[in-house]
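The structure appears right after this line, and notes come after that.
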Amino acid sequence: MPLSFFRHLNCFNCFRREQPEVIIATSTSYGNDSASRSAASLEKHRSKLSSEKIVIETRPSSPPRTNPALLVVGKRQYDIQESYPFPTLAHEGEVIVRTKAVGLNPIDWKSVEYGFCLPEFPWVTGREMAGVVEKVGSGVTDITVGQRVWTSTYYRDRRAGCFQHYVTVPQHTVLPIPTGMSFEEASCLGVAALTAAMSLWHWLEVAGSPTTEPQTIPKSGYLLIWGGSTITGQFAIQIAVLGGLKVIAVTSSKTAEVAKRLGASHVVIRDGKSGEELVSEIRAIAGDELTRGIDLVGPETASLCLTAFSTTQRVLFAPLAMISSKAEVPQNISVETVEMKQFVLNESSQAYAHALNRLVEQGKLVLPELTVLDGGLQRVVEGLERIKKGDMAGKKVIVRM
Numbered sequence: 001m002p003l004s005f006f007r008h009l010n011c012f013n014c015f016r017r018e019q020p021e022v023i024i025a026t027s028t029s030y031g032n033d034s035a036s037r038s039a040a041s042l043e044k045h046r047s048k049l050s051s052e053k054i055v056i057e058t059r060p061s062s063p064p065r066t067n068p069a070l071l072v073v074g075k076r077q078y079d080i081q082e083s084y085p086f087p088t089l090a091h092e093g094e095v096i097v098r099t100k101a102v103g104l105n106p107i108d109w110k111s112v113e114y115g116f117c118l119p120e121f122p123w124v125t126g127r128e129m130a131g132v133v134e135k136v137g138s139g140v141t142d143i144t145v146g147q148r149v150w151t152s153t154y155y156r157d158r159r160a161g162c163f164q165h166y167v168t169v170p171q172h173t174v175l176p177i178p179t180g181m182s183f184e185e186a187s188c189l190g191v192a193a194l195t196a197a198m199s200l201w202h203w204l205e206v207a208g209s210p211t212t213e214p215q216t217i218p219k220s221g222y223l224l225i226w227g228g229s230t231i232t233g234q235f236a237i238q239i240a241v242l243g244g245l246k247v248i249a250v251t252s253s254k255t256a257e258v259a260k261r262l263g264a265s266h267v268v269i270r271d272g273k274s275g276e277e278l279v280s281e282i283r284a285i286a287g288d289e290l291t292r293g294i295d296l297v298g299p300e301t302a303s304l305c306l307t308a309f310s311t312t313q314r315v316l317f318a319p320l321a322m323i324s325s326k327a328e329v330p331q332n333i334s335v336e337t338v339e340m341k342q343f344v345l346n347e348s349s350q351a352y353a354h355a356l357n358r359l360v361e362q363g364k365l366v367l368p369e370l371t372v373l374d375g376g377l378q379r380v381v382e383g384l385e386r387i388k389k390g391d392m393a394g395k396k397v398i399v400r401m
């Protein structure tokens with residue numbers, strides 16, 4: 001079913017305008033009446049005043065600030081609302097950021113297509129952006145108005161949906177844009193890059209974690225990335241290589257060179273091969289030494305990963321694109337549930353974002369190829385459609401606001 005495009009709505013009755021200032025002007029000036037004015041003079045003055053026309057001039061108040069937003073108004077239905085309410089600072093430690101660029105992700109179209117992660121209608125989606133700090137609330141430290149920042153947001157707060165001109169987010173989710181980065185480049189850090197970093201450092205115990213003592217993490221072994229040329233996969237390859245691991249990336253022939261360029265030790269081309277053939281190829285490379293892996297494709301490939309891992313050693317596996325509840329998981333494999341909401345709900349998770357920033361600033365991470373769409377909110381649905389159709393394999397879609 002095609003997505004319905006934009007229908008401009010009338011202004012929400014969400015703002016109560018301030019009462020305009022009223023000025024009463026007459027052609028008569030009272031001046032300073034003398035205390036000795038006679039009763040007759042006063043009466044004459046009142047008569048003259050009452051006969052004159054009174055002009056009421058209104059000085060319009062400043063209109064309430066509005067906030068253009070792309071609303072999800074139903075399953076597979078979007079509308080642009082030009083006068084959406086300006087976000088508030090409802091809690092201590094919150095920041096309002098003016099959106100300059102937003103990153104588009106598969107979850108953005110999937111949630112609208114299949115009706116999940118949408119608490120109610122209308123709703124504002126979008127999970128990563130870069131912009132300029134507009135306002136800081138009470139208790140905010142180390143963040144200043146006018147600062148260039150990027151953020152990763154949580155879908156349950158409508159104020160934080162990135163497909164609007166202003167967002168409200170907790171201060172611990174706001175990171176300075178690394179020196180030399182554009183808004184467009186920074187807007188791709190909040191989902192794929194952060195997911196790769198937290199998945200590998202926190203859940204898969206890969207060396208480089210800012211929260212773990214370096215000497216406790218082995219810097220050797222294999223990591224399987226099924227979906228190695230996806231945007232998350234591209235960041236994961238680089239972080240794993242920095243952590244001393246040998247990466248086996250499963251990709252299509254079209255994007256295989258991307259995985260090789262980023263440092264994958266082995267690239268398994270999936271084109272025209274059965275699942276069993278792919279698993280055999282992976283096991284021929286790693287033998288029984290494959291002890292870590294992430295799947296970025298879906299339940300079917302997640303199940304194939306289970307058969308490619310070591311059968312004798314402890315295995316850590318993060319199926320980021322879900323795993324079937326019917327999948328048979330060997331006892332030596334720990335299936336990790338990656339909860340990216342922890343970045344918002346757990347302030348200590350900010351350490352991962354700061355570590356990610358440092359890698360970018362040090363030039364140790366290569367960003368994916370960007371496709372930047374000009375035109376603001378009017379281009380978001382178009383960009384999501386291109387991702388959905390598979391036209392942007394290996395490329396990151398950004399909308400410039």
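Here the sequence shown is numbered in full-length UniProt numbering, starting from 1 and rising by one per residue.
Glycine included, C-beta positions come from ideal geometry on N, C-alpha and C.
Beta carbon of residue i nearer than 8 angstroms to that of residue j
i: Leu200; j: Ile239; result: yes
i: Val132; j: Val97; result: yes
i: Ile333; j: Phe309; result: yes
i: Arg76; j: Val112; result: yes
i: Phe116; j: Gly74; result: no
i: Pro170; j: Val344; result: yes
i: Tyr222; j: Glu289; result: yes
i: Ser220; j: Thr251; result: no
i: Ser152; j: Gly190; result: yes
i: Thr211; j: Ala327; result: no
i: Leu70; j: Leu365; result: no
i: Pro178; j: Gln147; result: no
i: Ile231; j: Ser253; result: no
i: His172; j: Glu382; result: no
i: Thr255; j: Ala393; result: yes
i: Tyr166; j: Glu134; result: yes
i: Leu384; j: Asp108; result: yes
i: Ala318; j: Val338; result: yes
i: Leu104; j: Val380; result: yes
i: Ala196; j: Ala236; result: yes
DSSP three-state assignment for residue i, whether helix, strand or coil
i: Arg98; result: strand
i: Met198; result: helix
i: Pro106; result: helix
i: Glu128; result: strand
i: Ser78; result: According to the sequence provided, residue 78 is Tyr. The question's Ser does not apply to it. Strand, per DSSP.
i: Gln171; result: helix
i: Ile239; result: helix
i: Ser111; result: helix
i: Thr232; result: helix
i: Tyr154; result: coil
i: Tyr352; result: helix
i: Glu134; result: strand
i: Ala69; result: strand
i: Val360; result: helix
i: Ala249; result: strand
i: Val145; result: coil
i: Cys191; result: According to the sequence provided, residue 191 is Val. The question's Cys does not apply to it. Val191: helix per DSSP, three-state reduction.
i: Val397; result: strand
i: Met1; result: In this prediction, Met1 has a pLDDT of 45, which is less than 50 and means its spatial position is unreliable; nothing more can be read from the coordinates.
i: Thr58; result: Caution is warranted here: a pLDDT of 39 is assigned to Thr58, below 50, making its placement in the model unreliable, and the coordinate value is therefore given only provisionally. Looking at Thr58 - three-state DSSP - the assignment turns out to be strand.
Integer-rounded CB distance, given that residue j should sit under 8 angstroms from residue i
i: Cys162; j: Thr99; result: 6 angstroms
i: Val372; j: Arg386; result: Not a contact, Cβ separation roughly 12 angstroms.
i: Arg156; j: Pro119; result: 6 angstroms
i: Thr66; j: Glu92; result: No, Thr66 and Glu92 are not in contact; Cβ-Cβ is about 25 angstroms, not under 8 angstroms.
i: Ala353; j: Leu194; result: 6 angstroms
i: Ile323; j: Pro299; result: 6 angstroms
i: Trp123; j: Val72; result: 5 angstroms
i: Pro87; j: Thr168; result: 4 angstroms
Residue i beta carbon near the ligand FAD (any heavy atom closer than 7 angstroms)
i: Gly263; result: Absent from the structure shown: the ligand FAD. Ligands present: none.
Inset, instruction - Please specify which runs of the alpha helix (DSSP H), each continuous and at least 4 residues long, are wholly inside the region 364-390, giving them in chain order. - result: 380-388
Legend entry - the region 178-189 in contact with the region 280-295 per 3-pair CB rule at 8 angstroms: no
Inset, instruction - Ignoring anything shorter than 3 residues or poking outside the region 253-304, list the beta strand (DSSP E) runs there in chain order. - result: 266-269, 290-295
Legend entry - Contact between the region 345-363 and the region 324-333 (3+ Cβ pairs under 8 angstroms): no
Inset, instruction - Pick out the complete alpha helix (DSSP H) segments inside the region 298-349, 4 residues or longer, and give them in chain order. - result: 299-308, 342-345
Inset, instruction - Report yes or no: do three or more beta-carbon pairs, one from the region 232-247 and one from the region 260-268, lie closer than 8 angstroms? - result: yes
Legend entry - contact_flag[the region 372-382, the region 192-209] where n(CB pairs < 8 angstroms) is 3 or more: no
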